[in-house]
Amino acid sequence: MLRQPFIFILLSCSAACIPAGAADAAGAPPGVAEDGQWTMPAKNYAATRYSGLAQINAQNARSLHPLWTFSTGVLTGHEGQPLVVGETMYVVTPWPNVLYAFDLRKEGHPLRWKYRPDVSSNALGVACCDAVNRGAFYVDGRIVYNLLDGHTVAIDAHSGRELWKATIADLGSGETVTMAPLVVGDRVIVGASGGEFGIYGWLKALELKTGQIVWTGHNLGPDADMLARPGTFKPPYDGGVDVGAKSWAGDSWKTGGAPVWGWISYDPELDLIYYGTGNAAPYDPEVRGGDNKWSASVLARRPGTGELVWAYQFTPHDNWDYDATGAMVLVDLTIGGKPVKALVHFDKNGFAYTLERATGKLLVAAPFAPVNWASSVNLASGRPVIDPAKQTGVSKGKVTGVCPSLEGAVSPASPPAYSPRTHLFYTSTNNLCMDYATAHASHLRATPYVGVDSPYHPGPGGNLGAFIAWDAVSGRKAWEDKESYPSWSGALVTAGDVAFYGTLDGWFKAVDARSGRILSKFKVGSGVVGNPIAYRGPDGKEYVAIYAGIGGDWALLAGDTRSDDPTDVRAPADYMKDIARHTSQGGIVWIFGL
Amino acid sequence: MSWHRSLLTALTCAALAACARPAASPAAAANAPPPAIAYEAHLAAGGIPPAGGVLGNPHAGDAAVAKAGAQLFTAMNCDGCHGAAGSGWVGPNLGDGRWRYGGADAEVFSSIYYGRPKGMPAFGGVLGVDGVWTLVTYIRSLPVPSDVPTESWEQP
Chain A
0 MLRQPFIFIL
10 LSCSAACIPA
20 GAADAAGAPP
30 GVAEDGQWTM
40 PAKNYAATRY
50 SGLAQINAQN
60 ARSLHPLWTF
70 STGVLTGHEG
80 QPLVVGETMY
90 VVTPWPNVLY
100 AFDLRKEGHP
110 LRWKYRPDVS
120 SNALGVACCD
130 AVNRGAFYVD
140 GRIVYNLLDG
150 HTVAIDAHSG
160 RELWKATIAD
170 LGSGETVTMA
180 PLVVGDRVIV
190 GASGGEFGIY
200 GWLKALELKT
210 GQIVWTGHNL
220 GPDADMLARP
230 GTFKPPYDGG
240 VDVGAKSWAG
250 DSWKTGGAPV
260 WGWISYDPEL
270 DLIYYGTGNA
280 APYDPEVRGG
290 DNKWSASVLA
300 RRPGTGELVW
310 AYQFTPHDNW
320 DYDATGAMVL
330 VDLTIGGKPV
340 KALVHFDKNG
350 FAYTLERATG
360 KLLVAAPFAP
370 VNWASSVNLA
380 SGRPVIDPAK
390 QTGVSKGKVT
400 GVCPSLEGAV
410 SPASPPAYSP
420 RTHLFYTSTN
430 NLCMDYATAH
440 ASHLRATPYV
450 GVDSPYHPGP
460 GGNLGAFIAW
470 DAVSGRKAWE
480 DKESYPSWSG
490 ALVTAGDVAF
500 YGTLDGWFKA
510 VDARSGRILS
520 KFKVGSGVVG
530 NPIAYRGPDG
540 KEYVAIYAGI
550 GGDWALLAGD
560 TRSDDPTDVR
570 APADYMKDIA
580 RHTSQGGIVW
590 IFGL
Chain B
0 MSWHRSLLTA
10 LTCAALAACA
20 RPAASPAAAA
30 NAPPPAIAYE
40 AHLAAGGIPP
50 AGGVLGNPHA
60 GDAAVAKAGA
70 QLFTAMNCDG
80 CHGAAGSGWV
90 GPNLGDGRWR
100 YGGADAEVFS
110 SIYYGRPKGM
120 PAFGGVLGVD
130 GVWTLVTYIR
140 SLPVPSDVPT
150 ESWEQP
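Respectively, the protein sequence lines represent chains A and B. For the first sequence, numbering that gives the first Met the number 0 assigns the number 593 to the last residue and increments by one with no breaks. For the second sequence, numbering that gives the first Met the number 0 assigns the number 155 to the last residue and increments by one with no breaks.
Laid out in structure tokens, this is it:
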């Protein structure tokens, strides 16, 4: 079965535990076996979403079937993923951010407890793009996660008791919190959404034991605010004193956005955390001349102090709402015969990037979906080669046929997976283009700071999405499974060489990781925008869990997909007239097994 | 905050040519007593509606004010939540003829002036009474398609 060498690891095993067999835990420190749990958002610090479990494989996956479901009672978009720690599954819902703890030992998985916080409904009007939550983090007996209205909570994983609740963000300034925290040592790393409200984007670290804010590093602005210190901050391409302020016309950086609503990864050896920043605000680029650093960028910081070590901007002077908040996946690749500690990122702007993660130096950039705003990325300068005809702004009126659309060639909410067995990345993609007409926007606290009309069109080929396998060394697609609708779920890949994803029209699919061949599919009741996980149950068997629940972007509710409000009727979107034929809203947790 | 008010005054004035009227000054209007609302579309306990003056839109049906309201709708970032021409985004569609909190002038006024739970900010402070009426006039001018509750994908 195995096509490359692997390390067979001896487990110190209790009776309930089964040998890990082909366990090959990418991202886990060498010598650490697959433990069958899923304790952090992306499975591991490297954010590979790879499980070393191999009971479910390409030969038997056709007999996957649902074993358990649970209605969350919440109808908005169910992004993120459950956690499995020991014999308990933890589920965070979208607003009102209920935390459920299910007892996996018992038939029917009854609740051990639930935690129901008081979360302000005002947050629903400040969250630009649905009231989502991208998941929790387990560490040292605590579940840590964010509430939409600007709080982080730590909950006793055994009792469900609230240990602390910290205020991290200000609704009145347009900040909400949708991202999943990452915990490194005694630091809880969090960020805020608000690129559509002109926030002054930041990353913060809280003390794990108390929730006290230890440091705040802004993603734009003067060096002092960014925790960028001379001699420490070494961007590989564009540096200079206060570049985070000077690359913005006037003081436009103060309302420049650059939010943090995606994922954070961590390299313990380099002691660096990596995260992407969102769009520059407002959408009219002409009022914020310059590169607008460090919006639409990846930033590397020290988790202990917050010090900025390097930054690389994928989309300088963002003209198209190309957030770079998608996952930064840390893998070791062989490029040109040399081992490289790499960071791989699928950007909204349609390019997949492979960087050297110690320095931020660009190694590979290649389009993984139809792209025309730039023809390529110059590897020497790190800058995209932009088509001037696709640049936008109030003076340019309606700019037509820009690919990809502002929904992204992939939604940053839909993280990829990487298998160290196939050496391939797996990701959902969207095949949408757009027209883009910006308008003047005024910055008015607690109201949006956007100013755009951007109708979408299907990209070339007719399919609106695809699930692809990607070689980050060559910058090429290995295979693709076309989808009728934009593909909006995260990916999972396992040591059984099975990849999993869900579709907007409500199918949960298992495919052969080497060929893309569909092995099984099941209609899960609502469109899938969540991320699958694999875990080993108390009975020693492998299971896969996924959320159903369309949402996470109001564009997805076109065609009256809404079912929760009789007073809100949505016309079909031109690009996706019949999505409401196949799905409606509704959050459901699913568990599948053999 | 002061530049917001100047911006608003400028916008409202340019479109309304109503600056000579004291009521059009947002700063002055913000100090006016809260309007009374007749909740005509709501159920009344005991069948007895609460007492209160009838709140009328001084600009009802005025096309020029509706046009000014369209500008305000963009300038106040209403479109950022409710979509272009109120077609629906984070906030509900305002042009489908269906209403969470009532679609009479006074009810729409109340929603904008005081805000609503689940995310509608209160705009009364920044817009003043006349600014809110200007928006109400625009929203009430949106063409409402006939309400067809059935959506069918079968061939006729």
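Built from N, CA and C at the ideal position, the CB exists for glycine as well. Bear in mind that the values here come from a model prediction, so they are computed numbers and not experimental data.
### Task
Report yes or no: is there a C-beta of chain B within less than 7 Å of the C-beta of A/L405?
no
### Query
Does any CB atom of chain B fall closer than 7 Å to the CB of A/V401?
no
### Query
Helix, strand or coil for A/A27 per DSSP?
Here A/A27 scores only 46 on pLDDT, less than 50, and its place in the model is too uncertain to base an answer on.
### Query
So which residues of chain A does B/K117 contact, with C-beta pairs closer than 7 Å?
S120, L123, G124
### Query
Would you say B/D61 reaches chain A, if we count a Cβ-Cβ gap shorter than 7 Å as a contact?
No, B/D61 does not count as interfacial toward chain A.
### Task
Let me know if B/W152 comes out buried or exposed under the rule of 16 or more other beta-carbons within 10 Å of its beta-carbon.
With fewer than 16 Cβ atoms within 10 Å of its Cβ, B/W152 is classed as exposed.
### Query
Does the distance from the C-beta atom of A/R115 to that of A/T177 stay below 7 Å?
no
#### Entry: Own chain partners of A/G359 with C-beta closer than 6 Å, once the 5 adjacent residues on each side are dropped
P235, W309, Y311
### Task
Answer with buried or exposed for B/P48, where buried requires no fewer than 16 other C-beta atoms within 10 angstroms of its C-beta.
When all chains shown are included, B/P48 counts as exposed.
#### Entry: Coarse secondary structure for A/M575, derived from DSSP in three states
strand
### Query
Residues of chain A with CB under 8 Å from B/A105, in chain order?
Within chain A, no residue comes near B/A105; the closest Cβ sits about 17 Å away, beyond 8 Å.
### Integer-rounded CB distance, given that A/L378 should sit under 8 Å from A/L361
The beta-carbon separation of A/L361 and A/L378, rounded to 6 Å, stays under the 8 Å limit for a contact.
### Within 9 Å of chain B by C-beta, residues of the segment 566-577 of chain A in sequence order
T566, D567, V568, R569, A570, P571, D577
### Query
Just the Cα atoms here: how many angstroms apart are A/V83 and A/Y500?
19 Å
### Query
Roughly how many angstroms lie between the CA atoms of A/G249 and A/D283, to the nearest whole one?
15 Å
#### Entry: Other residues of its chain near A/K337: CB distance less than 8 Å, five sequence neighbours each side excluded
Non-local beta-carbon contacts of A/K337 in its own chain, meaning distances under 8 Å to residues more than five positions away in sequence, are absent.
### Positions along the segment 180-200 of chain A whose CB lies within less than 8 Å of some CB in chain B
Residues passing the 8 Å Cβ filter: E195.
### Message
Using only the alpha-carbon positions, how far apart do A/A165 and B/N76 sit?
### Response
Answer to the nearest angstrom: the Cα atoms are 30 Å apart.
### Query
For the beta strand (DSSP E) that B/L134 lies in, which residues bound it at each end?
B/L134 -> not in any beta strand (DSSP E); alpha helix (DSSP H) instead, spanning 123-140.
### Message
Run through chain A and tell me which residues come within less than 8 Å of B/S109, C-beta to C-beta.
### Response
Ordered by position in chain A, no residue passes the 8 Å Cβ test against B/S109, which lies about 16 Å from the chain.
### Message
Going by beta-carbon coordinates alone, are A/I590 and A/L63 separated by less than 7 Å?
### Response
Result no, Cβ atoms of A/I590 and A/L63 do not sit closer than 7 Å.
#### Entry: Cβ pair A/K292, A/G243 closer than 7 Å
Yes; because the gap between Cβ atoms is below 7 Å, this pair is in contact.
### Message
For the beta strand (DSSP E) containing A/Q312, name the first residue and the last one.
### Response
307-312
### Whole-Å CB distance - A/P447 paired with A/E195, under 8 Å assumed
5 Å
### Query
Does DSSP put A/I188 in a helix, a strand or coil?
Assigned with DSSP and collapsed to three states, A/I188 falls in strand.
### Query
Per DSSP, what kind of secondary structure is A/A603 in: helix, strand or coil?
Residue 603 of chain A lies beyond the range of chain A shown here (0 to 593); nothing can be said about it.
### Query
Mind checking B/P32: buried by the 16 CB within 10 Å criterion, or exposed?
With a pLDDT of 49 at B/P32, under the threshold of 50, the predicted position of this residue should be treated as unreliable, though the coordinate-derived value follows. A residue is called buried once 16 or more other Cβ atoms fall within 10 Å of its Cβ, and B/P32, having fewer, is exposed.
### Query
For A/W94 versus A/A153, is the C-beta spacing smaller than 7 Å?
no
### Task
Could you check how far apart the C-beta atoms of A/L610 and A/Y274 are, in whole angstroms? I think they sit under 8 Å.
As displayed, chain A neither begins before 0 nor continues past 593, which places residue 610 of chain A out of reach and without an answer.
### Backbone CA spacing between A/V568 and B/L134 [nearest angstrom]
Cα-Cα distance, rounded: 21 Å.
### Residues from the segment 546-561 of chain A in contact with chain B, defined by Cβ distance under 7 Å
W553, D559
### Query
Under 7 Å between C-beta atoms, does A/V449 make it to chain B?
For A/V449, the nearest CB of chain B lies under 7 Å from its own CB, placing it at the interface with that chain.
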